[in-house]
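In what follows, a structure is listed as structure tokens, so that the remarks can point back to it.
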Amino acid sequence: MNKFETWLLDRTKVANSHTLAVYKQLGGYHALAKVLTGAKPMTPAEVINEMKLSEIRGRGGAGFPTGMKWTFMPDPVKDPRPRYLAINADESEPGTCKDRVLMEKDPHGLVEGALIACYAMRAQAAYIYVRGEYRLSYQRVQAAIDEARAAGLVGKNILGTDFSCEVHMHKGAGAYICGEETGLMESLEGKRGHPRPKPPFPAAFGLWGQPTTVNNVETIFNVPFIVLRGGAWHASIGTKGSKGNFLCGISGHVEKPGVYELPFGVTAREIVEQVAGGVWKGRKCKAWFPGGSSCAMVKGEDLDVVLDHDSLKTKGSSLGTAAMIIFDDQTSIARVMEIIARFYDHESCGQCSQCREGTQWLSQIFHRIATGHGQEDDVATIESLAKGMAPGKTICALSDAAAIPTLSAVRLFKDELLECVRQKRDPIPYPRVEYAGAH
Amino acid sequence: MALPEKLVREFDELVKKYPEKRAGLIPALHRCQEELGGWISPQTLEDLASYFGLEPVEVYGVASFYPMFRLKPAGKHVVSVCHNISCELRGATQLMEHVCKVTGAKPYGTSADGKFTVWPVECQGACANAPMFDLDGVYHEDLTPEKAEKILGGLR
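The listed protein sequences correspond, in order, to chains A and B. Take 1 as the starting number for the first sequence in the working numbering and just add one per residue. Take 1001 as the starting number for the second sequence in the working numbering and just add one per residue.
Structural data, given as structure tokens:
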């Protein structure tokens, strides 16, 4: 792997990187100053243009072009309603633990990004929706907001200009579905996290019915860098369709699990072998998820694929949150899928019948296959169930997120699943503790 | 009964962050759970309903939707053990077994002495430092049965 420029995690390696003093020493809030009070202050349209030029795509899993998303906000002259930025810090996709690093160790980077994004979209406030379990993230970002407010960087007339903006923290309470952008908005309004049918899209009808943009933490964190260095700089890094660096969380059976900053263009093999120290215990990789459990599983022999938005499509998968989960050659696929199916069953909000019923059946059937009680037609049933749940048959993509790994497991490891059914036991041994689920 | 004055004052500040008061409900549920005995009692549901101008059943509908809110009393210490995939691949099952042994609680249960509740939870976002549990709101990562015993044994 060649040497490459880094920026996302650089400050996190400095002591007390979460404080305003250190952040400022390292050039913090220079981007905000450039936009608001520089020799040539930038207009909101100019900021959005740099975001478009940067070709950055959202880092929350869907990979939508951020600059384009920002242009969906209505013209403030024609539509003078209050407008909001919601920052998705609900990070709950299994395997994903990257935004937490930024919030715990570099919270001012997020606050500065939020302020610039609000300026560009003329939003009066940003709400950072943090999953309830991330208590340290919440404390650190809240402390950063408080410090920034005391320094005149948050609130009224920021840096003495007529730009005013609030940044608020908001705590979720453990529901995966609130990472879905409309579920997040419902939850932020104090309701159950039931995703809304789209359209209307958030830019037209978001928080409290007002124009809203929802962006992931890592996406917003990139904004000050793009503003300072220019969209063209960002677009010069990476591959066609996938620009910049990304945070790759790698977990499971590797020697050095971690959150690493990498440029688009590296292969999965380079990440596993050169960055994460290889598959643990000298074993081979049997299969892996490129970006959380909601994308399709890929076979271990296909590690030479480039980890970016388009390349993974050639392996029938997707980048998701770039949270790689590695399985060694002694891993039971029935057990993996039992856990994954249980997760989606637990997290389905219950609005759509395909998802509510489908996730429950997938969980029950994978459980019985994994515990040696599988029935002859179970693998066929799973496949037909998953095909009934997706694509695009429900209000949100949770149903798809349960169906996609299921179909990939059947496609890649059908014989292994059938063998569990035939032998009335999982031929691959692993420890189990039985307990009934609680919802 | 009503909410303690301290919480009412806090919530009056909290709801100012939002254009609509109800948005403060989930953060308020968190604070009630922290301050009022570690769970959301029927009385708390009623008190919050009255504060937010909602029906108790609406507050119940929200509280019961979110896994972090406990609608039954828990033990003095709550150990939330992640049992999702990245933790499972690095020994979450062995960790769960050991946590149960040390605490005397079963998964989703409370020990006879009321000291510990053990709660299996889905992914907590500590995947690169698996396996893990959250003990009373603090993450403990890269755990082994030995480390877990040290952490929990001190609380016995």
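All C-beta atoms in this analysis are idealised placements derived from N, C-alpha and C, irrespective of residue type, glycine included.
Three-state class that DSSP yields for residue i in the structure shown
{"i": "residue 140 of chain A", "result": "helix"}
{"i": "residue 95 of chain A", "result": "coil"}
{"i": "residue 1139 of chain B", "result": "strand"}
{"i": "residue 176 of chain A", "result": "helix"}
{"i": "residue 325 of chain A", "result": "strand"}
{"i": "residue 191 of chain A", "result": "coil"}
{"i": "residue 439 of chain A", "result": "Its pLDDT being 46, under 50, residue 439 of chain A is placed unreliably in this model, and the coordinates cannot settle the point."}
{"i": "residue 2 of chain A", "result": "coil"}
{"i": "residue 64 of chain A", "result": "coil"}
{"i": "residue 269 of chain A", "result": "helix"}
{"i": "residue 1060 of chain B", "result": "helix"}
{"i": "residue 463 of chain A", "result": "Since the displayed chain A opens at 1 and closes at 439, residue 463 of chain A lies outside it and no answer follows."}
{"i": "residue 275 of chain A", "result": "helix"}
{"i": "residue 1133 of chain B", "result": "strand"}
{"i": "residue 28 of chain A", "result": "coil"}
{"i": "residue 300 of chain A", "result": "helix"}
{"i": "residue 306 of chain A", "result": "strand"}
Residue i, buried or exposed, once every other Cβ within 10 Å from all chains shown has been counted against 16
{"i": "residue 69 of chain A", "result": "buried"}
{"i": "residue 60 of chain A", "result": "buried"}
{"i": "residue 1137 of chain B", "result": "exposed"}
{"i": "residue 78 of chain A", "result": "exposed"}
{"i": "residue 391 of chain A", "result": "exposed"}
{"i": "residue 1008 of chain B", "result": "exposed"}
{"i": "residue 426 of chain A", "result": "buried"}
{"i": "residue 199 of chain A", "result": "exposed"}
{"i": "residue 1027 of chain B", "result": "buried"}
{"i": "residue 222 of chain A", "result": "buried"}
{"i": "residue 301 of chain A", "result": "exposed"}
{"i": "residue 1134 of chain B", "result": "buried"}
{"i": "residue 161 of chain A", "result": "exposed"}
{"i": "residue 1012 of chain B", "result": "exposed"}
Extent of the continuous alpha helix (DSSP H) to which residue i belongs
{"i": "residue 1086 of chain B", "result": "1085-1088"}
{"i": "residue 288 of chain A", "result": "Note, residue 288 of chain A: premise wrong, no alpha helix (DSSP H); beta strand (DSSP E) at 285-289."}
{"i": "residue 222 of chain A", "result": "217-229"}
{"i": "residue 1098 of chain B", "result": "1092-1103"}
{"i": "residue 1051 of chain B", "result": "1042-1052"}
{"i": "residue 47 of chain A", "result": "44-54"}
{"i": "residue 440 of chain A", "result": "In the structure as shown, chain A begins at 1 and stops at 439. Residue 440 of chain A is therefore absent and cannot be evaluated."}
{"i": "residue 359 of chain A", "result": "353-370"}
{"i": "residue 1151 of chain B", "result": "1145-1153"}
{"i": "residue 118 of chain A", "result": "107-121"}
{"i": "residue 316 of chain A", "result": "No alpha helix (DSSP H) holds residue 316 of chain A; DSSP gives it neither H nor E."}
{"i": "residue 395 of chain A", "result": "Note, residue 395 of chain A: premise wrong, no alpha helix (DSSP H); not H, not E."}
Same chain, Cβ closer than 8 Å to residue i, five either side skipped, listed in chain order
{"i": "residue 5 of chain A", "result": "237, 245 and 263"}
{"i": "residue 270 of chain A", "result": "1"}
{"i": "residue 126 of chain A", "result": "84, 85, 86, 87, 114, 115, 117, 118, 165, 166, 167 and 168"}
{"i": "residue 185 of chain A", "result": "86, 196, 202, 206, 207, 212 and 214"}
{"i": "residue 326 of chain A", "result": "250, 251, 252, 253, 254, 272, 276, 279, 285 and 288"}
Sequence-distant residues of the same chain with beta carbon closer than 6 Å to residue i, five excluded per side
{"i": "residue 358 of chain A", "result": "385 and 389"}
{"i": "residue 42 of chain A", "result": "35"}
{"i": "residue 439 of chain A", "result": "For residue 439 of chain A, the predicted model reports a pLDDT of 46, less than 50, meaning its position is unreliable; a value from the coordinates is still stated below. Around residue 439 of chain A: no qualifying Cβ."}
{"i": "residue 37 of chain A", "result": "159"}
{"i": "residue 304 of chain A", "result": "267 and 269"}
{"i": "residue 407 of chain A", "result": "386"}
{"i": "residue 1123 of chain B", "result": "1084"}
Boundaries of the beta strand (DSSP E) in which residue i is found, first to last residue
{"i": "residue 251 of chain A", "result": "245-252"}
{"i": "residue 1080 of chain B", "result": "1077-1082"}
{"i": "residue 470 of chain A", "result": "Not covered by the structure: residue 470 of chain A. The range shown for chain A is 1 to 439."}
{"i": "residue 433 of chain A", "result": "Neither: residue 433 of chain A is in no beta strand (DSSP E) and is coded neither H nor E."}
{"i": "residue 89 of chain A", "result": "84-89"}
{"i": "residue 1120 of chain B", "result": "1116-1121"}
{"i": "residue 130 of chain A", "result": "125-130"}
Residue(s) in a DSSP beta bridge with residue i
{"i": "residue 403 of chain A", "result": "Answer by DSSP bridge pairing: none, since residue 403 of chain A is not bridged."}
{"i": "residue 165 of chain A", "result": "A/155"}
{"i": "residue 282 of chain A", "result": "The partner list for residue 282 of chain A (beta bridge, DSSP) is empty, contrary to what the question assumes."}
{"i": "residue 170 of chain A", "result": "A/129"}
{"i": "residue 57 of chain A", "result": "A/65"}
{"i": "residue 12 of chain A", "result": "DSSP lists no partner for residue 12 of chain A."}
{"i": "residue 1110 of chain B", "result": "B/1117"}
Cβ neighbours of residue i in the same chain (closer than 7 Å, five flanking residues each side left out)
{"i": "residue 1129 of chain B", "result": "1141 and 1142"}
{"i": "residue 1044 of chain B", "result": "1032 and 1036"}
{"i": "residue 1002 of chain B", "result": "1047"}
{"i": "residue 374 of chain A", "result": "368, 420 and 421"}
{"i": "residue 1055 of chain B", "result": "1049"}
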